[in-house]
Each structure stands twice: as structure tokens, then as C-alpha cells.
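Colleague: Residues 32 to 1228 (our numbering) are what the sequence shown spells out, left to right.
Pasting in a structure now, in C-alpha cells, and then I'll have a few things to ask.
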Amino acid sequence: MSTISFLPFINENLSQEYVIPVYIGEGFSSLVPSLIVFVQGINRNQQLCQNMTYVISNLTFYELKSTKPASTFSVSIFFSIITLFFILSFFSFVILNKKLRPKQDLDNKNGENMIFLDSQRETPGENVSKNSFEIVYLLILTFIISFFMYGVLLGLQSYSTLAYSHLAFNLSINLGNLMLPMVIFFSIVSYKLSLWALTVEFFIALLISVYIVFISFCSPCPPLMTHWSGSFLIVLAWIVSECLFLRLRCVIAATLEKYGQNILLVLGWVTLLGQVCGGIVVYILVDIMKVFVDRPDCQDQIEFCHKFIESVMDDQYEQSVSLWKQIVNDFKIYNSNVNWFVFVLVVIFSWGGWIEIFGIWAELPLIVNSLPEGWRLPSILTGATQIGQIGSLAYLLLNQIVPKHFSLKRIIFVKLITTTVSTLILSFVWKKTYFIFGEERSVGLLSLVLVFSLCDGFSTISTIPFITKFFKKEYIIPYYIGEALFALIPSVIAIIQGAGDDLGCQNVVTSVQKFDNFSNAYFLNETFLEPIALKPIFSVKTYFLIIFGFLSMSLIAFTLLNSSVVKKEKNIKPNEKLDNLCVNEFDNPLLHKPKFQTLETQHRKEKNLLLSLNFFITFCFYGILPGVQSYSTLPYGNNVFHLSINLSNILLPIAIFLSVWSYNVSLKQILIEFSVAVMFSAYIVFISFKSPCPPFLDSKFGPVMICASWILSQAIFMRVRCIISTRLERFGEKILLKSGSLTLLGEVVGGILIFLVVEKFRIFEEKPECVFDLSYCSWLDISGIWCELPFMIHDLPEGWRLPSILSAISQFAQIGPFVYLLIRYFFPTKIDNVKVIYLILITGAVSCLLLAFFWNKTVLIHEEKRSIYLYIFHFTLSLLDGMSTLTFLPYIGEYFAKEYIIPNYIGESFSSLVPAVLALIQGFHEEDCDYLDQNKTSTFKVPKNAYKPKYSVLIYFLLIFFLLLISIMAFSYLNFSKYARRARKNRFSWVSTEFALGEDIEEDTVRRDKEMQQKLNIKEKEKEIQFLFILTFMVTFVYYGFLPGLMSYSTIPYSNKFFHLSINLSNILLPFSIILSIFSYEVSIQRICLESILPFILAFYIYLISVFSPCPPFVSNKNEIGGYLIVICWIVSSLMFMRIRCLIATKLGKYGKNILFKLGCFTILGQVFGGLIIFMMVDYLRLFIDKPKCAPINFCY
């Protein structure tokens, strides 16, 4: 009742400012009992246990029983004190009613002036009608807040804290209550917040609440149970969540007070409704479904958790277990098979796979207009990336010829070192251009992109085999998490940098010499428009230096993972032991030959299907889509371009993390997910063909749809790749090698195809800058590479073609992985995967560092300026990333369990998240133009002031460089630390390591049986593996190859803001998508297929928007539906593509590192093909159109 009546009373009698004291009082209602409890002394001691001795029949028994701590006074005195405070509250309310009068009476005392003001003031009813969206939005937030704060969290407080200690339980209750009044006092100076700021605080509190719920699900054995940091984190989470939720309630109430008493009454009812719903939900989960488990008193935590996990593993085979319990049990089993510290190292190591390439894409909003390629740059980069996959193809051939001379560790070391160094160089030479083939080219950028593509192609082939060789298949998931992070991290840096703001145009007056009819010379002032370059918080040079740092971190992480040579240990479950014991039964062909042939045929079909999917995923994901990203998004606006890049990168890790809970999926699910991603990819390509005037250009539906297509297609493709890799792991290292090869092939084919379409045939068209139309919303060109495109595109001569060019370079760089495959084929024993990963990480970090300083250097080549240094470093980073595709997953599969595949993809998604967040923080701005009349005969469109980002591109790339350094450190720790070595060798969980008394060495006979069983599994699931390979090819073809080349064309026509958001938001959300995959990383093939459908649909929508560029649908809609839609498409496609990759890798992880190595090959192939195809479409065929700078108002007509 107080919730419903207090606020209307304040609204009726007092002003808006008195809403805050109401919540201060509510905070004191929690503070006072906590202070009394502290005085009472209940927190001084935790619950104690004492030995009780019993003697029965001359036998002595000992039992631990709990004893109650002593307190200063009794419970009755406690409630008596609380009663006194109730009486004090009652007298205060009586005094308020006597001293104060309603606000209406006070207003009437001010006379005629007040009456006049009242006549000008809007009534509450008018306010409600005009601000209905704000009211509904705030009421929804209130419901969610009360649902969690007073409903769900309160019912889970004991499960989330008592698992650590009684002290944590008491502190989480009382310290939070002590802090509540202080937080509300702070709200006095900041209670008037915008909806944007309020939403940010809400999501922070919501994320913390999700962490509390997650810990409750892990109860009674949560992570970090035996370490002090676990208790500290859960207490801190409780304090911060309570304070933020109460502050949000205070701010919402103060905001809604102006709408009248009725709205506040509704607010109270909504609060009660949320509280009731949350309480009912948590009651059902706790008391009816028995989802949460408590631990008996006076029991040793480690011993109890060890027995608990064993019981959970025994119970997983019961058919009566519900779906919800099965999900919880799956996660607990995953938790028991994973060392979370090694999990983190795998994530950090994995983001070094392609972080420099994604860093360039995230920076496209800053550099695309700074280089001569323009809108064609994404396609050109895609083509360059696919060219670099030649190295992967060479590696495949050499690995087949001389397999003993190749070491996964060495290849990965070389890749990491090369990409690290190349990134450092790229920061200095990215803007260098030369005149080549009659056109100025960004030689600095494109050449390094070739290097990156060459190295990254190697990582695609070698990483998963490395992981499955040295780790459990569970570590495939962290690999894909890291793969999602290498798109996320550059996006976060780009957001911080301030990329994504639409450029302006300025009026420039020049004197032109002319001659009259008598050959007399005279000078005439002529006015023309030229674009204004943006100034971010830090430069592109600094940005690449940051990428260099992250590559260095990846190199260090890989070094730590390889701290010692550890043999891969297999977990032998009871059913597996039975299978191993029965292997010799196949010696009797008369008894078992038909059954064996059936299983072999089924496995062959599965392998073929997975490999084919892997090819098509990379064909779309890494090949086609990157080359058309500018054409599919830029017609809707630069902000759409920005959002489609960064949101998809942000959501990629989430898609992969979700695979933790569903990485064991069926082939049907894989096909469904793949089909969904293909549909999104098809839409993206369609929009690119319609560029620069795609459908829905005059409404918000177009931008929202293209963003959603990009996000979903990339997320689903990534998840399908993860699932395919996990599914192929059980077929062995050779299948993983084939998967990596097909990945490279798909990337190369897609990249070459899109390169020819964009660069050679120029099928896609760009939209000129400063174009306005009644059916066209405000638009400006972009300047940046992926997250940085809003800042870089105007500083580089390529313009809108820059994403396509970079995408093509990425595909050309896949020559590196192919060379790596050839070397591994001829010299398989001489290649150390760890050393190769080190080389990849170090080279990538150095390249990113150089890119920060040279990204905007141009060279005149064939009468056209080219960002040659950007090309070079992009090539280098693409080459290294291709190498990481071949090395990272094999490394995880070799040294860790398959559960670590998910953190690998989480790390990959974080490589998208961080740059996206940085790019969003960097800022974005919309274009605003004025009319300029000259001599009363002509009218020009003159843009107003340009936006200055918060930091430059240099700072952005420097941040990426530091992330690479962190990746190197994490990888080094994974290789050299005793903690990681123990996790790699014995595969103990964080609980079971406490019971490890020595190293558990496998017997040779058991090892041989396992190898035979693994080969048998590969034969049985050959078709499934092939299908996952094909799906991976398609995902990478669309996600890494085709779509990036269309990002500028699909987002910039709506606004530079959407270009900025599409890049960075997708990158930011990537890790979360991978993290959520922990709860569903073992899914069926059917589920993977189902999840693949949506991202392909979104990718198709993005393509359609790029086709219509620079006048896509909804481009002139005032509500910017088209821009937001394209951002959603980019985000959802990125997340789902990343999750699909994670699911595929997890699915293939059980087949060994060879299968994961092949998965990396398919990843690179898909990326190469997709990038080259979009490059041909954008830069060669010029099929997509970008908008001219400062074009007339009727451009789209």
C-alpha cells in the first residue's frame, strides 16, 4: 500500500524535488535495521561448528553440529526498536499534514501572474499524450527493476552468498542497506537524467543482477568458491545492484512526477506487479522445481562439491530430468571439465587470431573517406584478405605432403609475432597511397592487410587442431569466444575513439582565371563544397597501436599456454570405457560389419555436411559480406554503417558464450541456424545491389532491418562455426585441419568474388555526400575501417569502396594459411603450433602498432591515390588472422578440453566487442546542411560544422595494440604457468584440482583404444563433419568475406551514426553471445541449421540494402527506421554467425585437432571466397554506389 500511496501524496502536496527524500527514507528503512543488527552483533561470528561425541555399544561416533553465535540483545528487543521507528514515522506524517497545504492552494496565492503562467503551462493530460513513449518506457523499466530487486534477487540471496560464507551473506544484506541512503543523497545532484543515461545505468544493474543469478545457479559450488575474490565479487555485486536499482527507481519517480498523480499511482501498481511476478518466478524455481541446491551445514566445501559434481554427472543420463535441469546440469558438468583460468587464457589467446583485421574494419568509419578507394575500400580489403589465404592453401598442400615437418605451436607463434609486428607498422603507414594501375591506391593499408590475411589464414587452420590436441573439446568454446572478442575489442576502442559521426562539408571559395570574348583575362570567385575531416579523440595511428597491444597480450597468452609440453588427456566416461572395451569386437567382421558400415556412412555424411557448412559460412561471413558492408549500410546513413559493424561485433561474444549451454546440438539445429544466417546474408547482398537507393530508404524500417541482418547473420554464422568445430572435434585432428582448410577456401572464394564484383565490375554504386531528398534522410560519407570507418573514410581516397577493398585484401592474405597448410603437409613434425601462434600474435601486435601511425598514408598509383600502407598492414593482419584460424583452435583442441572452445570463441567475440565499445565512445554525429544561394541563380547544399571525435584513430589503434599485448601475455601464461599446465595435462576442474595429488598419465593401451575410437567416430560422423565444414564455409563466406564489403553501402546512406553503431554495437555484443553459448554449446545439427537461417536472411537483407545504396528503403523516414533496422541486422547477424561458428567448433572438437584444423581451413576458404567476390562486385565491377560528397537534395530522385 505504501508503494501505491506515498508518491501520489508527494505529488499532490509537494514539488518534484521532494520525491528524492521519499527514496532517502526508503533507503533508511533498510539502513536502520542493518545498523541495529550490527549493534546486536550477529555479524561478528559466522556460524560455528562443534564436535559432538556419541558412545553406542562401546563405539564412539563424532558428528559436527552447528552452534548459534551469541548476540548483544534478543530478537524481541530488535523488533521493539523497529516499532519505535514506525511511531516516529507516524508522527512525521501527522506534522506534514498539519503544516503543508496542497500545491494548488500555494499556486493560487501568487495572483494574476501565476494565473497567466498557469494558462501557458501544459496540463498533465497534455504531457501524458505528448510523452506517451517516455512514460511507457519508464514504466517498463520500473517493472523490470522491481521484478529483479524485490522479486528474483531476494529469493536467491542465500544461494548466491552462503555458498561462499555466512560472512558474505551478512555483508551482502547489511552493507547494501548501509549504502542505500548515500546513493539517494547523491541523486540530489543528478536525479534529472536523460533516457539514454538512465538506460545505461539500468543495463549495468541488470548485468550485475544476471551475475548474481548465475552464481545462484552454480550454487552450492560457484566459481572462485575457495578464493577470497569470489566472496568479494558477490558482496560487491549485491551492493552495487541494490544501490543502482533504488537510484533508478528514484530517478524514474522524479521524472514521472510532472505527469500527475495518476501516473505515479500507476507507477506504484507496476512496482507491485513486478515484485509479485519476480517473487512467484523465484518461488517456482526454488521451492517447486528445486532448481537451486543448498549445502548442508558443517561440511567441507571442497569435498562436498566434489561429491556433488559426481552425482550430477551420474544423474545426467536419467531420462526424467527436465529441460531446465538438464541445462543447469550441462553447465555444471562443463564447469567441472574446465579450468576457468585456462579458459580466460584461451580467450585472450584466441582474440589475437583476427583482431587486427577486425580492428581495421572497426576503424573504417574513420579511414574509408581518408583513402582514395572510398566505398569500395571494404570490398578491396575483403579481396586482399582472401588473396592472403593463398598461404593457407599452401600450408594445406605442404601438410599433406610432409605432415611431420609442421608444428602447430610454431605456426601459431609465427602468426602472432608477424601480426603483432605488422600491426605496429600499420599504425604508421596506413594512410600511405601510391598511384598504381591508373588509380591512386592505399598501398600501406592494403599491403599489410595481405600480411594479416596470410597469417590469420594460418590461425584458422591451426588453432582448433592445436586446442583439441592439447586441451579438452570444452576449450573450443573459449576459442570462439576469443574469436568473437577480436571483433568486439576493436569496436569498443572505436566507440571510445568517437568514430561514427557524420562528416560535414564546408564552403570553399577559389579564384578562377577566365577569358572574355576579347581574350582579356579576369578572375572570378567560384564556390564549391569539400568535406570536413573528423577529428576523433585519438588518431588512427593510436588506434592501431592499441590493437598492437592486444595482439601482444594474445602472444603472451599463447606463450603461457605452452609453458610446457603436455600430453593431451582424454576424459573417459563410463559409457566411453565400455565403447573402448568393445573396440576389439570389430575384429569379427561377420558380427559387426553391417553395423560398422552404417556408423561409418553416417559419420562420413555428417563430416561432409559440417565441412560444407563451414565452407559456406566463411564464404559468406568472411568473404562476401565484408565487401558489401558499406554498400548495404551507408545508403541508410553513416550511423547505420557504424552500428551494423560494431553492434554485430559486440554481440558476437554473446552468441558464442551462449554456446556453452548448447554446443552439443543436432545436425538439424545446425542446418536451421545456418539457413537463418543465410537468409539474413542474402538480404544484405540484396540491399547492396540496390545501393545507393535501397528499399525503405525513407523510413526507419530499412536501417533497422539492415542492422539486424548484419548483427544476426554474423552472430549466427559465428555460432554455427563454433558448433561445427565442437562437433568435428571428436573426429580427430585431420578433420579439424580439413575444416580449417575449407574455412580458408570459403573465405578466399567469397572474398575474390566480391572483390571482382565491387572493384572490377563496379556493380555496386556509392552515394555522394551531403545528399538530401524528401525520401532520403540526412546522410554523410564515412571515415573509418569497420568501427573507425566514420572517421577514416574521408581521410582516405578510396571512399565508400574502402571496406570492400580491405575485405578483398583480407581474402588475398589467405595465401598465408594455404602456405602454412603446404608446409604442414610436407613437414608436419617441424611445425610447432605454439610457436606459430606466438609469431601470429607478435606480428599482429607490431602490425597494429604501425597501423596506428601509417593508416592514413596514401600513394599515387596508376593516377589514383591509394592507402597503400593501410593495404599492407591490413594484408599482414589478415594473413596472420588466417593463420590464427588454422592454429588457435587446434591448439585448444590439443591441450585443453572441448569446453575451452567456447572461451576461445568468447575471446574472438571480445576482439569485436572492445573495438566496438571504443568506437561508440568515440562518438558520432549527424549531418546538418544549409542552403547557400550564389548570384541568385544557383543553390548549393552546405553542411554545417563537423563533429570532432573524442580521440583520434591513432589512439584507437594503440588501444587495439595493447589488447593484442594482453592476448600475448595470456597465451604465454597458458603455455608456461604451472596452473595452466596442470589444467591442460590433467583436465581437472577448479574443484577437482584440489584433489589432484599427482599427474595422471594415460596408459598406452588406453590411449590406443581412444585413438581407435576417435577414428571410428570420425568414420561414423563423416557426413556430419562434412556438413559442418560446409556450414562453416558458408558462415565465414558471408560473415567474414561478403558482408564486411557491404557495410559502408548498407549503413552510410541512412547516416554515419548507423554506420558507426552497426560496427561497434555488433562487436560489443559478440562476447555476450559467445558467453551465453556456455549454456547451450552442445546442440544438434538440426539446431545449428535452424540458427543458421536467421543470420543468412539478415545478411541477404544487408545485401539488398547495399544494392539500393545510396537510396535504400526508409532513408527519408524521420524516425530513422531504416538506420536502426540495418544496425539490428548487422548486430544479430554477427552474433548468430559467431555463435554458429562456436557451435560448429564445439561440435567438431571431440573429433580431434585434425578436424578442427580442417575446420579452420574451411573458415579461411569461406572468408576468402566471400571477400574476393564482394571485392569484385564493389571495387572491380562497381556494382554498388556511394553518395557523392555534397550532392544535391534530389539525388535519390
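Beta carbons: idealized from backbone N, C-alpha and C, even for Gly.
In this text the structure is predicted, and so the values were computed from the model without any measurement.
For my contact list, Cys724 and Ser1093 are in at a C-beta cut-off of 8 Å; report their separation, rounded to the angstrom.
Modeller: Not really, about 19 Å apart at Cβ, beyond 8 Å.
Colleague: According to DSSP, is Gln745 part of a helix, a strand, or is it coil?
Modeller: Here Gln745 sits in helix by DSSP.
Colleague: Inspect the CB distances between the region 520-530 and the region 762-775 and report whether three or more fall short of 8 Å.
Modeller: Touching, no, given that fewer than three Cβ pairs across the two stretches are closer than 8 Å.
Colleague: Relative to the alpha-carbon of Thr1275, which residue among Tyr195, Val301 and Gly299 has its alpha-carbon at the smallest distance?
Modeller: With the chain running from 32 to 1228 in the structure shown, residue 1275 is simply not present.
Colleague: I'd like to confirm the pairing. Which residues does DSSP put opposite Glu1072 in its beta bridges?
Modeller: Before going on, a small fix: residue 1072 reads as Gly here, not Glu. Gly1072 is bridged to Phe652.
Colleague: Quick one: what's got a C-beta closer than 6 Å to Arg441's C-beta in the same chain, skipping five residues either side?
Modeller: Ile862, Asp863, Lys866 and Val867, listed in sequence order.
Colleague: Spatial neighbours of Asp136 within its chain, please: C-beta separation below 7 Å, excluding the five flanking residues on both sides.
Modeller: Residue placement at Asp136 is flagged as unreliable, the pLDDT there being 46, under the threshold of 50; the coordinate-derived value follows with that caveat. Counting only Cβ-Cβ distances below 7 Å, and skipping sequence neighbours, we find nothing.
Colleague: By the three-class DSSP mapping on this structure, what secondary structure does Pro828 have?
Modeller: Of the three classes helix, strand and coil, the one that applies to Pro828 here is coil, per DSSP.
Colleague: Quick one: what does DSSP say Lys1218 is sitting in, helix, strand or coil?
Modeller: It is a strand residue.
Colleague: I need the straight-line Cα distance from Leu115 to Phe200, nearest angstrom please.
Modeller: Going by the C-alpha atoms only, they are around 27 Å apart.
Colleague: Output the distance between the C-alpha atoms of Ile1032 and Tyr926, rounded to the nearest integer angstrom.
Modeller: Here Ile1032 scores only 42 on pLDDT, less than 50, and its place in the model is too uncertain to base an answer on.
Colleague: Restricting to runs no shorter than 4 residues, where is the alpha helix (DSSP H) found entirely within the region 671-747?
Modeller: Whole alpha helix (DSSP H) segments, 4+ residues: 698-720.
Colleague: With distance defined between alpha-carbon atoms, name the residue in Leu1074, Ile952 and Tyr426 nearest to Ala713.
Modeller: With distances taken between Cα atoms, Ala713 lies closest to Leu1074.
Colleague: Whose CA, out of Leu908, Ile448, Phe748 and Leu202, lies closest to the CA of Phe1060?
Modeller: It is Phe748 whose Cα lies nearest to the Cα of Phe1060.
Colleague: Should Thr1063 be labelled buried (16 or more other beta-carbon atoms within 10 Å of its own) or exposed?
Modeller: Buried, because 16 or more other Cβ atoms sit within 10 Å of the Cβ of Thr1063.
Colleague: For the candidate residues Ile294, Pro1084 and Arg407, whose alpha-carbon lies nearest to that of Arg897?
Modeller: That would be Arg407, whose Cα lies nearest to the Cα of Arg897.
Colleague: Run through DSSP, which three-state label would Glu1151 get?
Modeller: Glu1151 falls in the coil class under three-state DSSP.
Colleague: List the endpoints of the continuous alpha helix (DSSP H) containing Arg855.
Modeller: Ile846 to Phe857 is the span of the alpha helix (DSSP H), which, as asked, contains Arg855.
Colleague: Thinking C-alpha only, which one of Ile755, Thr874 and Phe919 is nearest His905?
Modeller: Considering only alpha carbons, the answer is Thr874.
Colleague: Could you tell me whether any Cβ in chain C is nearer than 8 Å to the Cβ of Tyr922?
Modeller: Going by chain labels, chain C is absent from the structure shown, which holds only one protein chain.
Colleague: Counting pairs of Cβ atoms below 8 Å between the region 184-194 and the region 282-298, do you hit three or more?
Modeller: Because the criterion of three Cβ pairs below 8 Å is not met, the region 184-194 and the region 282-298 do not touch.
Colleague: Does the region 1113-1130 come close enough to the region 1184-1204 to have 3 or more Cβ pairs within less than 8 Å?
Modeller: Counting Cβ pairs under 8 Å, fewer than three are found: no touch.
Colleague: Check whether the Cβ atoms of Ser756 and Ala708 sit closer than 8 Å, and answer yes or no.
Modeller: Their beta carbons are not under 8 Å apart, which means Ser756 does not touch Ala708 by this criterion.
Colleague: Which residues does DSSP list as the beta-bridge partners of Gln1198?
Modeller: Gln1198 is bridged to Glu778.
Colleague: Go ahead and pull the three-state DSSP assignment for Val1209.
Modeller: It is helical.
Colleague: Could you check whether Ile932 and Leu920 sit closer than 8 Å to each other, using their CB atoms as the reference points?
Modeller: Against a cut-off of 8 Å, the Cβ pair of Ile932 and Leu920 comes out as a contact.
Colleague: Can you tell me the Cα-Cα spacing of Leu238 and Glu165, whole angstroms?
Modeller: Near 23 Å, if we compare the C-alpha coordinates of Glu165 and Leu238.
Colleague: DSSP beta-bridge partners for Thr874?
Modeller: Looking at the DSSP assignment, Thr874 forms a beta bridge with Thr451 and Val452.
Colleague: Assign Lys99 to one of two classes, buried (16 or more other C-beta atoms within 10 Å of its C-beta) or exposed (fewer than that).
Modeller: At Lys99, the pLDDT of 48 sits below 50, so the modelled position is not reliable and the matter cannot be decided from this model.
Colleague: Per DSSP, Cys1120 forms a beta bridge with which residues?
Modeller: Beta-bridge pairing links Cys1120 to Leu702.
Colleague: Under a Cβ-count criterion, where at least 16 other Cβ atoms within 10 Å of its own Cβ denotes burial, should Glu894 be classed as buried or exposed?
Modeller: When all chains shown are included, Glu894 counts as exposed.
Colleague: Under a Cβ-count criterion, where at least 16 other Cβ atoms within 10 Å of its own Cβ denotes burial, should Gln544 be classed as buried or exposed?
Modeller: Label assigned to Gln544: exposed.
Colleague: Give the DSSP-derived three-state secondary structure of Ile1083 in the structure shown.
Modeller: Looking at Ile1083 - three-state DSSP - the assignment turns out to be coil, as it is neither helix nor strand.
Colleague: Secondary structure at Phe1058, three-state DSSP: helix, strand or coil?
Modeller: Correct three-state label for Phe1058: helix.
Colleague: For Leu1005 versus Val377, is the C-beta distance shorter than 8 Å?
Modeller: Their beta carbons are under 8 Å apart, which means Leu1005 touches Val377 by this criterion.
Colleague: What residue from Pro521, Trp300, Pro1144 and Val480 has the CA that sits closest to Thr730's CA?
Modeller: It should be pointed out that residue 730 corresponds to Ser in this sequence rather than to Thr. Of the candidates Pro521, Trp300, Pro1144 and Val480, the one whose C-alpha sits nearest the C-alpha of Ser730 is Pro1144.
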